[in-house]
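Heads up: the structure comes next, in structure tokens.
In the working numbering, the protein residues as written are 1 to 131.
See below:
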């Protein structure tokens, strides 16, 4: 298995961590009866940790499709290179940092450093594919 595919698998695991954490934090805030209900009734906005992790999950899902598509395209076209390895590393570790910073409430660090690191990883993958 290529390095790029290993990082894709690790990113899927990170996505599952996002989903499980957000799901449980939302259930803690609204209650498990709400979680098991039809969810037809309006609820107040999420707050605190549940809100931050939920927003991080949404943000992860917004970027993951681009990452996955590029990794698969690179592997299918045999365009693996040091640039693609850098790209997958930057994406995964940026996304890990994003979740950690969001959990701890470090909004500026989350946005400026972590999001931009992951985004740069996606750009590296695009360049590796097209170069």
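Quick reminder that beta carbons are idealized off the backbone N, C-alpha and C, glycines included.
Less than 6 Å between C-beta atoms, sequence neighbours within five positions excluded: which residues of the same chain meet that for residue 7? The beta carbon of residue 7 sits closer than 6 Å to the beta carbons of 88, 92 from its chain, once the five residues preceding and following it are set aside; these are given in chain order.
Since residue 180 and residue 86 are thought to touch, with beta carbons under 8 Å apart, how far apart are those beta carbons, to the nearest angstrom? This structure cannot settle anything about residue 180, because the visible part of the chain is limited to 1 through 131.
If residue 14 sits next to residue 53, beta carbons under 8 Å apart, how far is it from one beta carbon to the other, in whole angstroms? No, residue 14 and residue 53 are not in contact; Cβ-Cβ is about 13 Å, not under 8 Å.
Run of the alpha helix (DSSP H) containing residue 41, from where it starts to where it stops: Counting along the chain, residue 41 falls outside any alpha helix (DSSP H), and DSSP gives it neither H nor E.
Which residue comes first and which comes last in the alpha helix (DSSP H) that contains residue 154? The structure shown has nothing for residue 154, since the chain only spans 1 to 131.
Confirm, please, whether the CB-CB distance from residue 11 to residue 66 is below 8 Å. Cβ distance not < 8 Å, so residue 66 and residue 11 don't count as in contact.
Who are the near neighbours of residue 3 in its chain, counting only those whose CB is closer than 6 Å to its CB and skipping five residues on each side? Spatial neighbours of residue 3 in its own chain (CB-CB distance under 6 Å, excluding positions within 5 residues in sequence) are listed in chain order as 85.
For residue 117 versus residue 49, is the C-beta distance shorter than 8 Å? No. Outside cutoff.
Local conformation of residue 55 per DSSP, three classes: DSSP places residue 55 in the helix class (H, G or I) of the three-state scheme.
Grouping DSSP H, G and I as helix and E and B as strand, with all else coil, what is residue 98? Assignment of residue 98 by DSSP, reduced to helix, strand and coil, places it in the helix class.
Roughly how many whole angstroms lie between the Cα atoms of residue 16 and residue 69? Between the C-alpha atoms of residue 16 and residue 69 there is a straight-line separation of about 18 Å.
Measure the C-alpha to C-alpha separation of residue 34 and residue 95 and round it to an integer number of angstroms. Looking at the two C-alpha atoms, the distance is approximately 30 Å.
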